[in-house]
Structure formats: structure tokens, C-alpha cells
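Let me begin by presenting the structure, written as C-alpha cells, before commenting on it.
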Ligand SMILES: [Zn+2]
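Residue numbers (the numbering used here): 689 to 940.
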């Protein structure tokens with residue numbers, strides 16, 4: 689992960705006038721009326737990307753869905769969503785116990801949820817810290833008791849958030865599903881009362897999530913970031929949160 693951020697920083701710093709950094713995002717925050725639109729779009733994109741990419745050999749900064757797509761992985765909730773290892777996303781009882789999973793040796797079409805020839809080199813993917821943050825937030829909120837104070841208070845914060853420019857149409861369904869935008873998460877982190885609505889277990893997980901955001905996912909990387917990330921993983925385990933692919937990436 690650290691390599692990822694350094695790579696993107698470095699790219700931005702050394703861009704020449706003829707180069708561009710392409711940031712691609714199929715965010716869940718943009719809902720589509722017809723799911724097929726997205727897959728249709730992906731198919732068209734696959735072919736156009738193949739030719740363009742081969743020509744330019746870009747490094748790409750993408751969200752996890754795009755990583756999946758560009759590497760030819762099957763979309764949706766698959767058994768092996770990680771492109772680095774063969775983490776079994778369905779073996780939930782092993783998730784927080786088993787740290788080391790077999791490495792994914794190659795990206796062979798037909799094996800372990802690879803359905804297309806990868807379009808880009810695995811080493812050329814860069815995830816943005818925002819997407820890691822969104823994924824961690826999602827699992828935190830999903831693990832909350834929906835009748836509890838903490839969850840109810842999130843709704844209050846978001847309703848009080850005046851600036852709807854970034855996120856029109858607040859919906860309880862999205863919040864229950866743990867789908868937030870960057871500005872919403874910032875607002876929740878800023879709220880001084882939020883911690884007081886939590887149980888001890890929720891508070892530990894939240895505090896360590898915020899520490900990871902400030903000491904690892906932002907511009908500043910603390911020297912003890914590994915410790916901070918480990919603490920968060922262990923707190924999410926205690927919270928009985930599901931492990932997301934983002935958590936998994938933090939372990940690599
Ligand atoms: Zn992995």
C-alpha cells in the first residue's frame with residue numbers, strides 16, 4: 689500500500705507536459721437505473737482500453753471495481769476478488785484468523801475468477817486512498833446495530849450537513865448499505881459528539897479507523913503506520929465487521 693501512494697505522488701510530481709494521469713472511477717455513489725448499462729459500458733471500455741493501453745502503457749489510478757475490470761477479473765461478489773492472492777472472500781470464519789493466503793501466481797483466463805485477458809500489468813495499478821477509506825467505512829457502518837445510537841446519529845449528522853452539492857438525495861438505504869462519499873465521511877469524523885453515541889467496542893474501532901485515515905491514508909504517513917493499521921484490523925475483528933477487499937489489501 690505504501691508503495692502505491694508513493695507511486696502516485698511520484699507520478700504527479702514528475703508529469704511532463706505530454707503526459708496525463710488518468711483517474712478512473714465507477715463509484716457506487718452514482719446509481720444506475722439499469723445494471724446492464726454498466727456491464728455494457730465495461731465491455732465497450734474493455735476493447736477501447738486494450739488498444740489505448742497497449743499503445744501508451746499507462747499507469748492507472750482506479751477504484752477496486754476498475755482494478756477488477758482491467759485485470760479481467762469477474763465482477764460482482766466473487767470467491768477470489770484479490771488480484772494479489774487467493775483470498776477466499778466466502779470463507780468468512782477464516783478472514784480475521786488467516787493472514788497469509790496463497791499468492792496468485794498468474795492471471796490465467798479461466799482460473800480463479802479471471803474471465804478476460806488482463807489489460808494492464810498487475811504492477812501498474814494504483815488504488816486511491818479514498819477508495820480504501822470508503823471500503824473501511826462501509827464495513828464499519830454495516831457492523832453497527834441499526835437500532836443503536838451510533839447508527840442513528842450518523843443519520844443526524846448527514847441530515848445536518850448543509851452542503852448537498854456533493855451528495856444530493858440522502859437515502860437511508862445507502863447509509864444502511866454503508867455507501868458514503870468522501871465529504872460525508874469527513875463530516876462524520878469532524879463531529880465531536882459522535883464518539884459519545886458509541887459502545888466501547890464501536891468507539892475503539894472508530895478511533896482506530898480515524899487514526900488510519902489521518903496517519904496512513906492522508907498526505908502524512910506516520911512512522912508507526914503499521915502498528916496503527918494492525919490495531920484497526922484487530923478492532924474491526926472485535927466489532928465483528930466483515931472483512932472487505934480493502935482490509936485485505938491493507939494486509940499486503
Ligand atoms: Zn490478496
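All C-beta atoms, glycine included, are put in the ideal place defined by N, C-alpha and C. Since this is a predicted model, take the numbers as computed values, not measurements.
CB contact flag (residue 901, residue 821, <8 Å): yes
Whole-angstrom distance between residue 777 and residue 760, CA atom to CA atom: 18 Å
Residue 669 and residue 819 closer than 8 Å at C-beta: The question about residue 669 has no answer, for the chain in this structure spans 689 to 940.
As assigned by DSSP and simplified to three states, the class of residue 772: coil
Beta-carbon proximity of residue 893 to residue 927, cut-off 8 Å: yes
For residue 907 and residue 694, the rounded distance between their alpha carbons: 10 Å
Proximity to residue 873 [Cα-Cα], best of 701, 823 and 816: 823
Helix, strand or coil at residue 791 [DSSP, three-state]: strand
For residue 761, the residue or residues it bridges with in DSSP: 802
Whether residue 831 touches residue 929 by CB criterion (8 Å): yes
Sequence-distant residues of its chain with Cβ nearer than 6 Å to residue 899 (five each side left out): 916
heavy atom of ligand 1 below 7 Å from residue 902 C-beta: no
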